[in-house]
Amino acid sequence: MTDALRYEITRLRTIRSTYWILGVAFGFQLLLTVLIAWNLPETGPLSGGDQTFAILVTVGATLGVAPLFIAYVIGLLGVFSMGHEYRHGMIRATLTALPSRLHVMLAKVLTTAVLSLVAALVCVGIALLSAVSFGVGLPSVGGLRDITVGTVLYTTLFSLSGLAFATLTRNQTAAVALLLLVPSLVEGLVKAVVLAIKASSGDPTSRGGIVDILKFLPYDAGGQMYTRVSLNDAFQVFGYKPFGAVGGGITMAVFVVVLLVLATAAFQRRDA
Amino acid sequence: MAVIEARGLGKSYGTRRAVDDLSFTVHPGSVTGFLGPNGSGKSTTMRLMLGLDRGEGRTTFDGRTFAELEQPMRHVGALLEAKPFHPTRQARHHLQMLAVANRIERRRVDEVLELVGLSAQAKGRPRKFSLGMGQRLGIAAALLGDPHTLILDEPSNGLDPQGITWLRQLLRHLAGEGRSVFVSSHLLQEMAQLADEVVVVGRGRLLTSGPVKDFVEHGGTAEVLLRTPDLGVLAPAIVAAGGTLTPDADGLQRVTGLDAARVGDLAHEHGARVHELSVRRATLEEAFLNATGLDEEYRGAITADRPAGETGGAR
Ligand SMILES: Nc1ncnc2c1ncn2[C@@H]1O[C@H](COP(=O)(O)OP(=O)(O)OP(=O)(O)O)[C@@H](O)[C@H]1O
Ligand SMILES: [Mg+2]
Numbered sequence: 042m043t044d045a046l047r048y049e050i051t052r053l054r055t056i057r058s059t060y061w062i063l064g065v066a067f068g069f070q071l072l073l074t075v076l077i078a079w080n081l082p083e084t085g086p087l088s089g090g091d092q093t094f095a096i097l098v099t100v101g102a103t104l105g106v107a108p109l110f111i112a113y114v115i116g117l118l119g120v121f122s123m124g125h126e127y128r129h130g131m132i133r134a135t136l137t138a139l140p141s142r143l144h145v146m147l148a149k150v151l152t153t154a155v156l157s158l159v160a161a162l163v164c165v166g167i168a169l170l171s172a173v174s175f176g177v178g179l180p181s182v183g184g185l186r187d188i189t190v191g192t193v194l195y196t197t198l199f200s201l202s203g204l205a206f207a208t209l210t211r212n213q214t215a216a217v218a219l220l221l222l223v224p225s226l227v228e229g230l231v232k233a234v235v236l237a238i239k240a241s242s243g244d245p246t247s248r249g250g251i252v253d254i255l256k257f258l259p260y261d262a263g264g265q266m267y268t269r270v271s272l273n274d275a276f277q278v279f280g281y282k283p284f285g286a287v288g289g290g291i292t293m294a295v296f297v298v299v300l301l302v303l304a305t306a307a308f309q310r311r312d313a
Numbered sequence: 070m071a072v073i074e075a076r077g078l079g080k081s082y083g084t085r086r087a088v089d090d091l092s093f094t095v096h097p098g099s100v101t102g103f104l105g106p107n108g109s110g111k112s113t114t115m116r117l118m119l120g121l122d123r124g125e126g127r128t129t130f131d132g133r134t135f136a137e138l139e140q141p142m143r144h145v146g147a148l149l150e151a152k153p154f155h156p157t158r159q160a161r162h163h164l165q166m167l168a169v170a171n172r173i174e175r176r177r178v179d180e181v182l183e184l185v186g187l188s189a190q191a192k193g194r195p196r197k198f199s200l201g202m203g204q205r206l207g208i209a210a211a212l213l214g215d216p217h218t219l220i221l222d223e224p225s226n227g228l229d230p231q232g233i234t235w236l237r238q239l240l241r242h243l244a245g246e247g248r249s250v251f252v253s254s255h256l257l258q259e260m261a262q263l264a265d266e267v268v269v270v271g272r273g274r275l276l277t278s279g280p281v282k283d284f285v286e287h288g289g290t291a292e293v294l295l296r297t298p299d300l301g302v303l304a305p306a307i308v309a310a311g312g313t314l315t316p317d318a319d320g321l322q323r324v325t326g327l328d329a330a331r332v333g334d335l336a337h338e339h340g341a342r343v344h345e346l347s348v349r350r351a352t353l354e355e356a357f358l359n360a361t362g363l364d365e366e367y368r369g370a371i372t373a374d375r376p377a378g379e380t381g382g383a384r
């Protein structure tokens with residue numbers, strides 16, 4: 042297992058994509074947080090505090106209108122971890138050096154998780170830096186902790202789902218497409234269809250029913266770890282009551298774990 | 070020093086049987102050539118041996134399967150058909166990555182780069198490598214752990230003539246040290262100089278295995294080439310002695326079934342003049358074509374030019 046970890050670490054260190062992914066994530070996080078911090082009013086509700094800082098860290102994702110940008114960039118680390126293996130036939134070199142596929146997979150899960158987590162933490166740090174530099178009122182300790190945990194966990198799980206997609210599809214391009222489309226397009230469509238059905242039912246404002254499906258949309262559920270106010274709140278007139286940050290986080294985590302277990306099983310069974 | 074024992078290897082792609090109940094043994098101290106027409110399952114067999122493809126059967130290296138080996142690159146070095154390099158990772162980094170996974174000293178990376186003649190390209194990226202350079206990097210990776218067993222799929226692919234000679238000497242040297250070398254190739258002349266033993270497959274099945282010498286002697290046809298102005302006298306005598314005559318280009322006769330000494334004696338006995346008498350030995354190529362002729366899957370539309378008079382073109 043340590044051999045597999047050493048291999049993965051060397052793999053990450055000796056490839057350009059690791060550096061440009063982190064560079065893009067950090068660079069844009071800096072640029073965007075500076076832009077936002079610069080334009081925040083000096084007084085009023087958006088001049089500082091937990092809410093304002095949450096907006097800054099997530100570049101607006103906390104409002105539920107935009108996706109969490111850093112997750113989509115850092116998530117590529119997860120996809121490439123396995124995607125490169127298949128894209129360039131590296132998998133055969135990897136498995137002749139490390140025949141235990143379980144160890145190879147575990148090493149990829151571990152390095153992807155740790156690197157994504159650290160990268161997301163750095164992004165939070167960059168937001169903090171921007172806030173301090175532009176005199177934005179700082180968040181409370183609890184507020185800082187909550188938004189940090191939410192953002193970092195979501196990004197890490199997002200990255201791991203990318204790793205699972207790449208392992209399942211054995212195709213980097215397909216995995217990138219899945220990672221970009223499932224959270225936004227697919228979940229969005231499911232939401233639209235479910236709400237349309239509910240709205241046209243006899244009793245659209247009753248609790249539960251078909252709208253309960255929406256609670257289990259994994260990325261949407263996980264998003265509650267960092268969302269503070271959301272468009273989804275508006276859907277609550279249709280009797281939709283989401284799980285909240287903890288339940289949503291658990292829902293997403295269960296989804297990612299199931300994906301990873303399926304991916305590992307497929308990886309063990311299939312030809313390299 | 071490891072004996073490779075492959076037992077009952079099998080693999081299907083859908084309904085297509087790529088390798089079927091294939092068993093053979095590779096002995097230490099020898100180079101074993103793995104021969105077969107295109108699509109006969111050589112590469113698939115090698116992937117099965119290394120546990121890369123999932124299929125039937127078992128291959129052991131001194132009693133242990135590849136997956137059971139600790140730090141396998143120290144035991145078995147492999148070069149596979151498709152080149153497994155990330156296009157923008159430097160050659161030395163590629164090797165370093167493999168080395169750390171098998172606790173191979175970093176110094177060894179420079180050694181193998183030197184050995185395969187890639188020292189100057191150590192910081193080069195495979196995307197910019199020529200076919201032969203890529204192949205050399207693959208060979209470097211196979212040698213990285215100083216393994217006692219080598220499994221090489223068409224290692225001479227893309228090498229220049231110097232490279233091919235170098236590789237032959239290297240593999241002979243490694244086998245001379247008591248290692249097991251299992252190597253596939255389409256270059257039969259090359260293989261004839263290199264291999265001690267052969268394993269021949271057709272359509273995924275074993276056709277024959279054993280020493281190259283036996284294979285060539287049994288599978289090829291040695292001929293005596295004869296030129297004589299007194300064919301009218303000599304031909305009946307040769308036939309009577311059990312030989313067969315086939316006319317070749319410009320008056321040359323090809324005699325099979327008798328050796329040169331016997332043909333010479335017959336000429337003397339019958340007072341026939343002989344202008345040319347020579348022996349053409351059986352070649353590995355011939356033995357291979359004979360052994361695999363019926364199994365060849367992808368036959369070209371135009372069969373190889375054969376000298377006039379030979380029994381038909383297609384086999
Ligand atoms: N990944 C695959 N999927 C489906 N069929 C395959 C696959 N790999 C090989 N085959 C089939 O298995 C058979 C054996 O192929 P293989 O590559 O092992 O032959 P080979 O002896 O190495 O040929 P060559 O001399 O051309 O390298 C072929 O019929 C091929 O079409
Ligand atoms: Mg092949």
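The listed protein sequences derive, respectively, from chains A and B. So for the first sequence, the working numbering puts the first residue at 42; every next one is plus one. So for the second sequence, the working numbering puts the first residue at 70; every next one is plus one. Note that CB positions come from ideal geometry on N, CA and C, so glycine has one too.
Leaving aside the five residues before and after residue i along the sequence, list all residues of the same chain whose C-beta is less than 8 Å from its C-beta, in chain order.
i, result
"A/Val299", "none"
"A/Gly250", "Lys239, Ser242, Gly280"
"B/Leu91", "Ala75, Gly77, Leu78, Gly79, Gly110, Thr114, Gly126, Val270, Gly273, Arg274, Leu275"
"B/Gly340", "Asp299, Val302"
"A/Gly285", "Gln265"
"A/Ala154", "Thr197, Ser200, Leu201"
Report yes if the CB atom of residue i is closer than 8 Å to the CB atom of residue j, and no otherwise.
i, j, result
"A/Thr192", "A/Leu87", "no"
"B/Leu184", "B/Leu206", "no"
"B/Phe154", "B/Ser253", "no"
"A/Val235", "A/Leu255", "yes"
"B/Val293", "B/Ala329", "yes"
"A/Ile77", "A/Leu117", "no"
"B/Glu354", "B/Arg296", "no"
"B/Thr269", "B/Gly98", "The amino acid occupying residue 269 of chain B in the given sequence is Val; Thr does not appear at that position. In this structure, B/Gly98 does not lie closer than 8 Å to B/Val269 by Cβ."
"A/Ala168", "A/Gln309", "no"
"A/Ser171", "A/Leu97", "yes"
"B/Phe28", "B/Ile73", "The requested residue 28 of chain B is not part of the displayed model; chain B covers only 70 to 384."
"A/Asp312", "A/Gly184", "no"
"A/Tyr267", "A/Ala66", "no"
"A/Leu258", "A/Lys282", "no"
"B/Val178", "B/Gln165", "yes"
"B/Ala356", "B/Gly279", "no"
"B/Arg342", "B/Asp283", "no"
"A/Ala262", "A/Thr292", "yes"
Can you name, in chain order, every residue of its own chain whose Cβ lies under 7 Å from the Cβ of residue i, other than the five neighbours on each side?
i, result
"A/Val295", "none"
"B/Ala304", "Leu314"
"B/Ala310", "Leu327, Arg331, Leu335"
"B/Arg350", "Ala291"
"B/Gly201", "Gly227, Leu228, Asp229, Gly232"
Use the C-beta contact count for residue i: other C-beta atoms within 10 angstroms, 16 or more gives buried, fewer gives exposed.
i, result
"B/Val100", "buried"
"B/Gln258", "exposed"
"B/His162", "buried"
"B/Arg272", "buried"
"B/Glu137", "exposed"
"A/Ser202", "buried"
"B/Ser112", "buried"
"B/Tyr82", "exposed"
"B/Lys197", "exposed"
"B/Gln204", "buried"
"A/Tyr60", "exposed"
Ignore the nearest five residues each way along the sequence and tell me which others in residue i's own chain have a CB closer than 6 Å to its CB.
i, result
"A/Ala45", "Leu139, His144, Val145, Ala148"
"A/Gly89", "Val177, Gly178"
"B/Leu385", "Any question about residue 385 of chain B goes unanswered here, given that chain B covers just 70 to 384."
"A/Arg211", "Tyr127"
"A/Ala306", "none"
"B/Arg116", "Asp122"
"B/Ala261", "Leu353"
"A/Ser58", "Phe121"
3-residue-minimum beta strand (DSSP E) runs that sit fully inside the stretch 302-357 of chain B, ordered along the chain: The DSSP assignment places complete beta strand (DSSP E) segments of no fewer than 3 residues inside the stretch 302-357 of chain B at 313-316, 322-325, 345-349, in order along the chain.
Which runs of the beta strand (DSSP E) spanning at least 3 residues fall entirely within the stretch 130-200 of chain B, listed in chain order? As far as the stretch 130-200 of chain B is concerned, its whole beta strand (DSSP E) runs of at least 3 residues are 145-148.
Output the residue ranges of the alpha helix (DSSP H) runs that lie fully inside the stretch 230-283 of chain B and measure 4 residues or longer, sorted by chain position. Restricted to the stretch 230-283 of chain B, the alpha helix (DSSP H) segments that are unbroken, complete and at least 4 residues in length are 230-245, 257-263, listed in chain order.
Just jot down, in chain order, the residues whose CB lies closer than 7 Å to any heavy atom of ligand 2. Those residues whose C-beta sits under 7 Å from the nearest heavy atom of ligand 2 are, from N- to C-terminal order along the chain, B/Lys111, B/Ser112, B/Glu150, B/Asp222, B/Glu223, B/Ser253.
Segments of 4+ residues assigned as alpha helix (DSSP H) that fall wholly inside the stretch 90-165 of chain A: Given a length threshold of 4 residues, each whole run of the alpha helix (DSSP H) inside the stretch 90-165 of chain A is given here in chain order: 91-99, 110-128, 131-138.
Kindly provide the ranges of any alpha helix (DSSP H) runs that are 4 or more residues long and lie completely inside the stretch 211-257 of chain A, ordered along the chain. Whole alpha helix (DSSP H) segments, 4+ residues: 213-222, 228-240.
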